[in-house]
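K.L.:
Okay, handing you the structure first.
There are 2 protein chains.
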Amino acid sequence: MRPPHLPLNRQRLIAPGPVEVEPQVLLELARPQPHHRSPEGIAALAEARAKLTALLGDPYDAVITTSSGTGAFEGALVSLTPEGAKVVNAQAGKFSERWGEMAQRLGYRTTLVAKPWGELLDPQEVADACRDAHTLLVTHSETSTGALHDLAAIAGAAKAQNPDLIVIADCITSYGVAELRPAEWGVDAVVSGSQKGTATPPGLGFVLFDPQVQERMVPATGRGFYLDLTRELRGQKAGNTPQTPAINLIVALSRALDRLLSVPREVLWAEKRRQADALVAAGEALGAPAWAARTSPAVAVLRPPAPLTGRQVAARLAEMGQRALPGQAPHEDTVFRVSTLGYADRYDALGIAGILEDAFASLGVPFTRGAAVSAAWRALGEG
Amino acid sequence: MRPPHLPLNRQRLIAPGPVEVEPQVLLELARPQPHHRSPEGIAALAEARAKLTALLGDPYDAVITTSSGTGAFEGALVSLTPEGAKVVNAQAGKFSERWGEMAQRLGYRTTLVAKPWGELLDPQEVADACRDAHTLLVTHSETSTGALHDLAAIAGAAKAQNPDLIVIADCITSYGVAELRPAEWGVDAVVSGSQKGTATPPGLGFVLFDPQVQERMVPATGRGFYLDLTRELRGQKAGNTPQTPAINLIVALSRALDRLLSVPREVLWAEKRRQADALVAAGEALGAPAWAARTSPAVAVLRPPAPLTGRQVAARLAEMGQRALPGQAPHEDTVFRVSTLGYADRYDALGIAGILEDAFASLGVPFTRGAAVSAAWRALGEG
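Chains as they are written, first to last, in the numbering used here: chain A, 1 to 383; chain B, 384 to 766.
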């Protein structure tokens, strides 16, 4: 069957990253780049770092890496965790599993606290494993399952067991999107990347360090050079990156942050919450409920009704010009994933509900036409 | 009252031109321009002209002017109508009035056949006035009122009265959007502009000339030089423009036309018809019915419920980051105008229904929440 409306559809990135980017932000990439050692380049770095801190809302110091979020996470790990130390990795999905594999490969004594994909981490279970650990690696918004883990409860319970524990949180898809209060919650380092909630093209990672934890940073000698964030943090605080940064992306990021900083964090969080709730409501109306019990505002990870698979849904959306994602291996068929993480508003969320209706109808799924659209609009509320 | 969601909304052009433009089309504007006399420049002009003819669907010859649509219309008029000839202007809105004023200022003996704004032209009344006329100036989609005049009936009746009549149609917002069959209907010249249905930035006008009418073209000596399309048509058929064209825009236009030409005209027309019907259905659900009895697929021109005015609605939409339009003077307050004319799809039409609900709610208009969204989605049909 011919996918509906293909050539006349507007092409959209509705995946949980990379995301739609504001045209004005894209234009910054096309401007002549300042040299990163020039006054203009130094000012651009300082401005972007200050805005990253403002978006977080706590007085953490930002390091911008020229890497993906994974690179930034590795930098946080090796710069906060001495050689051979004990690391606990709480995992319940693809990305949290990655941090455990990373810690193992880097030679840390690694303890895994695992839940099946789609389930929520148990704060007490994680805390119990942390009693004699140096560092906890925990994921806030698990992009593979759509779960928003209770980072406040997990960090709180773990620190209650072990006040010296360093908590590094993968906030790659939650930063700027989900409620996040690291100082209050006891999160020492927050990691994210440019192509997620900050709605900038990929290429930059961020780590935001609590002021106190900075005293415990260790040179990453033996575990890395490029991603040694002790050097980066010192350099960036002095106005410079030790290595050449993707300066155009940094300028673009700064521009993208202006929009996010134009409202209080709580307004931003509530808005993204409603958008994701709308996608989940649309999914429910189509017989495709959310996988996770506690859903992330960054992404709706939905289970299509059997025998329809996640790959089939994502493929049909792609045929319609809409770039969503299936699940991640080995759960490609369990779920599909749609998102308004980037430069997208409540009216785009409503449009995605329409897109899902058309996709499901063309795949032969029975449902009442209009149900998903109406459910999404109700979930979006009156603003 | 604070307009809803302003800083977090995606900014949209939802006016009946200039319109949203596909990012790939915008990128063409940033590419190094070919010289218009180089083989590459000559090929670009030929390609764009051929695609304009393909979009029309009849073997008319296209002239591209570096001007707005008004300039192109003037070029058609002066190149098809000798000095002092009798011109009939059928008018029922701002744009059709402009053609009458133009003909008068250019010294033509001008007869006006006028209907009040919002009403439809009467084909027989127009035809009766054309008995001894040389040229009829008629507007297909009247962007100021949202009326789609019955161009087939008007041209047919006029030519039945006067087979030698030359019919120049303002198809500025109907070309590529509304059903248009000029050869069958007896329309000799079709005029449009780049910032409308072809979803390109402003700067180019188009005239498509019937092969037969070209034998009756007259040099515009005394009535114009730049807009003398006898020179332009001859030059462009030979591969060149006599004057310097906006070559980057021509290359961009060519790219924009690729998307429109990827489906049969009938599919394109039906899709834009449904989108406009959805906007009208949303308006009806909000107590803001269409002004015109026969609505244009290019624009929904809606009458807000008293005491709300068109200017108030357009101003609120602008505050929400959505660029629509009020009515045109002197009807600024009678109506407001929204459109999916450009690079916008059915999901964008659905989103605009949501935008209108939010705007009307914030303006204190009583209605059942969800009614406009549901009505729009129903009007969009199953594709």
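Backbone N, C-alpha and C define an ideal beta-carbon position, used for all residues, glycine too.
Given the structure is predicted, the values throughout are model-derived calculations rather than measurements.
(1) Find the nearest neighbour of residue 177 of chain A within the set A/64, A/297, A/257 and A/210, judged by alpha-carbon distance.
(2) Does the beta carbon of residue 16 of chain A sit closer than 9 Å to a beta carbon anywhere in chain B?
(3) Within 10 angstroms of its Cβ, does residue 116 of chain A collect 16 or more other Cβ (buried), or is it exposed?
(4) Give the secondary structure of residue 340 of chain A by DSSP, where H, G and I count as helix, E and B as strand, and everything else as coil.
(5) Check residue 168 of chain A in the structure and name its three-state DSSP category.
(6) Under a three-way DSSP split, which group does residue 432 of chain B fall into?
(7) Among A/142, A/218, A/118 and A/112, which residue has its Cα nearest to the Cα of residue 129 of chain A?
(8) Could you work out which residues of chain A lie near residue 756 of chain B, taking near to mean beta carbons separated by less than 8 Å?
(9) List, from N- to C-terminal side, the beta strand (DSSP E) runs of 3 residues or more that fit wholly inside the region 151-204 of chain A.
(10) May I ask you to report which of helix, strand or coil DSSP gives residue 61 of chain A?
(11) Terminal residues of the continuous beta strand (DSSP E) containing residue 86 of chain A?
(12) Can you tell me where the beta strand (DSSP E) holding residue 492 of chain B begins and where it ends?
(13) Classify residue 594 of chain B: buried if its beta carbon has 16 or more other beta carbons within 10 angstroms, exposed otherwise.
(14) Less than 9 Å separating the beta-carbons of residue 142 of chain A and residue 329 of chain A?
(15) Could you tell me which residues DSSP pairs with residue 592 of chain B in its beta bridges?
(16) Around the Cβ of residue 264 of chain A, are there at least 16 other Cβ atoms within 10 angstroms (buried) or fewer (exposed)?
(17) DSSP has residue 518 of chain B in a bridge; who is on the other side?
(18) Tell me whether residue 193 of chain A is buried or exposed, calling it buried when 16 or more other Cβ atoms sit within 10 Å of its Cβ.
(19) Residues in its own chain within less than 8 Å of residue 346 of chain A by CB, not counting five upstream and five downstream?
(20) Between residue 599 of chain B and residue 735 of chain B, what straight-line distance do the alpha-carbon atoms span, to the nearest angstrom?
(21) Per DSSP, which residues does residue 684 of chain B bridge with? Please list them.
(22) Using a Cβ cut-off of 8 Å, which residues of the region 28-47 of chain A contact any Cβ in chain B, in chain order?
(23) Rounded to whole angstroms, what is the Cα-Cα separation between residue 474 of chain B and residue 533 of chain B?
(24) Please report the straight-line C-alpha distance between residue 375 of chain A and residue 638 of chain B, rounded to a whole angstrom.
(25) Strictly below 8 Å CB to CB, what residues from chain A border residue 739 of chain B?
(26) Three or more beta-carbon pairs under 8 Å between the region 25-37 of chain A and the region 159-167 of chain A, yes or no?
(27) Of all the residues that make up the region 719-732 of chain B, which are near chain A by a beta-carbon distance shorter than 7 Å?
(28) Please go through the same chain and pick out, in chain order, the residues whose beta-carbon is closer than 7 Å to the beta-carbon of residue 732 of chain B, but skip the five residues on each side of it.
(29) What residues match up with residue 322 of chain A in a beta bridge as DSSP calls it?
(30) Could you list which residues in chain B have their beta carbon closer than 7 Å to that of residue 265 of chain A, in chain order?
(31) Compare the beta carbon distance of residue 247 of chain A and residue 35 of chain A with 9 Å and say whether it is the shorter of the two.
(32) Go ahead and pull the three-state DSSP assignment for residue 70 of chain A.
(33) Applying the criterion that 16 or more other CB atoms from any shown protein chain within 10 Å of the CB defines a buried residue, is residue 236 of chain A buried or exposed?
(34) Leaving out five residues before and five after residue 63 of chain A in sequence, what residues of the same chain have Cβ atoms less than 6 Å from its Cβ?
(35) On the DSSP letters alone, give me the boundaries of the alpha helix (DSSP H) that residue 285 of chain A sits inside.
(36) Since residue 290 of chain A sits in a beta bridge, which residues does DSSP pair it with?
P.N.:
Taking the coordinates as given:
(1) In the first sequence, residue 177 of chain A corresponds to position 177, counting from 1. Among A/64, A/297, A/257 and A/210, the Cα nearest to that of residue 177 of chain A belongs to A/297.
(2) In the first sequence, counting from the first residue as 1, residue 16 of chain A sits at position 16. No Cβ of chain B is located within less than 9 Å of the beta carbon of residue 16 of chain A.
(3) Taking the first sequence and counting its residues from 1, the one referred to as residue 116 of chain A is at position 116. Exposed: under 16 other Cβ atoms inside 10 Å.
(4) Your numbering for residue 340 of chain A matches position 340 in the first sequence. In the structure shown, residue 340 of chain A sits in coil (DSSP, three-state: anything other than H, G, I, E or B).
(5) The count along the first sequence starts at 1 and reaches residue 168 of chain A at position 168. In the structure shown, residue 168 of chain A adopts extended strand secondary structure according to DSSP, grouped into three states.
(6) Residue mapping note: residue 432 of chain B aligns to position 49 of the second sequence, counting from 1. DSSP places residue 432 of chain B in helix when its eight states are reduced to three.
(7) Looking up residue 129 of chain A in the first sequence gives position 129. Nearest option by C-alpha distance: A/112.
(8) One-based indexing of the second sequence puts residue 756 of chain B at position 373. Near residue 756 of chain B (Cβ distances below 8 Å), the residues of chain A are 350, 373, 374 and 377.
(9) Within the region 151-204 of chain A, the complete beta strand (DSSP E) runs of at least 3 residues are 166-170 and 189-193.
(10) On the first sequence, residue 61 of chain A is found 61 positions in, with the first residue counted as 1. The answer is strand: DSSP assigns residue 61 of chain A an E or B state.
(11) To locate residue 86 of chain A, count along the first sequence from 1; it is residue 86. From DSSP, the beta strand (DSSP E) with residue 86 of chain A extends over 86-91.
(12) Residue mapping note: residue 492 of chain B aligns to position 109 of the second sequence, counting from 1. Segment 492-497, the beta strand (DSSP E) holding residue 492 of chain B.
(13) Here residue 594 of chain B corresponds to residue number 211 of the second sequence, with the count starting at 1. Flag for residue 594 of chain B reads exposed.
(14) Translated into positions along the first sequence, residue 142 of chain A becomes position 142. Translated into positions along the first sequence, residue 329 of chain A becomes position 329. No; because the gap between Cβ atoms is not below 9 Å, this pair is not in contact.
(15) In the second sequence, counting from the first residue as 1, residue 592 of chain B sits at position 209. Looking at the DSSP assignment, residue 592 of chain B forms a beta bridge with B/444 and B/572.
(16) The sequence position of residue 264 of chain A within the first sequence is 264, counting from 1. The Cβ neighbour count for residue 264 of chain A, taken over all protein chains shown within 10 Å, is under 16; the residue is labelled exposed.
(17) Position 135 of the second sequence, counted from the start, is the residue given in the question as residue 518 of chain B. Residue 518 of chain B pairs with B/470 and B/549.
(18) In the first sequence, counting from the first residue as 1, residue 193 of chain A sits at position 193. That one is buried.
(19) Translated into the one-based positions of the first sequence, residue 346 of chain A becomes position 346. Only 271, 274, 275, 278, 380 and 383 meet the Cβ criterion.
(20) Counting from one through the second sequence, the residue named residue 599 of chain B turns up at place 216. Counting from one through the second sequence, the residue named residue 735 of chain B turns up at place 352. Going by the C-alpha atoms only, they are around 46 Å apart.
(21) The residue labelled residue 684 of chain B in the question sits at position 301 within the second sequence. B/720, per the DSSP bridge assignment.
(22) For the region 28-47 of chain A, the beta-carbon criterion of a distance under 8 Å to any beta-carbon of chain B is satisfied by 30.
(23) To locate residue 474 of chain B, count along the second sequence from 1; it is residue 91. To locate residue 533 of chain B, count along the second sequence from 1; it is residue 150. Spanning the two alpha carbons is a distance of roughly 13 Å.
(24) Taking the first sequence and counting its residues from 1, the one referred to as residue 375 of chain A is at position 375. Taking the second sequence and counting its residues from 1, the one referred to as residue 638 of chain B is at position 255. Between residue 375 of chain A and residue 638 of chain B, the alpha-carbon positions lie close to 38 Å from each other.
(25) Working through the second sequence from its first residue, we reach residue 739 of chain B at position 356. At a C-beta separation below 8 Å, residue 739 of chain B has no neighbours in chain A, since its nearest C-beta there lies roughly 10 Å away.
(26) No, the region 25-37 of chain A is not in contact with the region 159-167 of chain A.
(27) The region 719-732 of chain B vs chain A, Cβ under 7 Å: 726, 727, 728, 729, 730 and 731.
(28) Position 349 of the second sequence, counting from 1, holds the residue named residue 732 of chain B. 658, 661, 662, 723, 759 and 763, listed in sequence order.
(29) Residue numbering aside, residue 322 of chain A sits at position 322 when the first sequence is read from its first letter. Looking at the DSSP assignment, residue 322 of chain A forms a beta bridge with A/12.
(30) Residue 265 of chain A sits at position 265 when you count from the first residue of the first sequence. Per Cβ cutoff of 7 Å: no residues; residue 265 of chain A is ~12 Å from chain B at best.
(31) For this step, residue 247 of chain A is matched to residue 247 along the first sequence. For this step, residue 35 of chain A is matched to residue 35 along the first sequence. Against a cut-off of 9 Å, the Cβ pair of residue 35 of chain A and residue 247 of chain A comes out as a contact.
(32) Reading the first sequence from its first residue, position 70 is the one you call residue 70 of chain A. In the three-state reduction of the DSSP assignment, residue 70 of chain A falls in the helix class, which pools H, G and I.
(33) Indexing the first sequence from 1 puts residue 236 of chain A at position 236. Residue 236 of chain A should be labelled buried.
(34) Here residue 63 of chain A refers to the residue found at position 63 of the first sequence. The answer, listed in chain order, is 207, 229, 232, 233 and 236.
(35) As a working note, residue 285 of chain A is residue 285 in the first sequence. It spans 265-285 - the alpha helix (DSSP H) in which residue 285 of chain A sits, taken as one unbroken run.
(36) Within the first sequence, numbered from 1, the residue matching residue 290 of chain A stands at position 290. DSSP, once it has assigned bridges, lists A/302 as partnering residue 290 of chain A.
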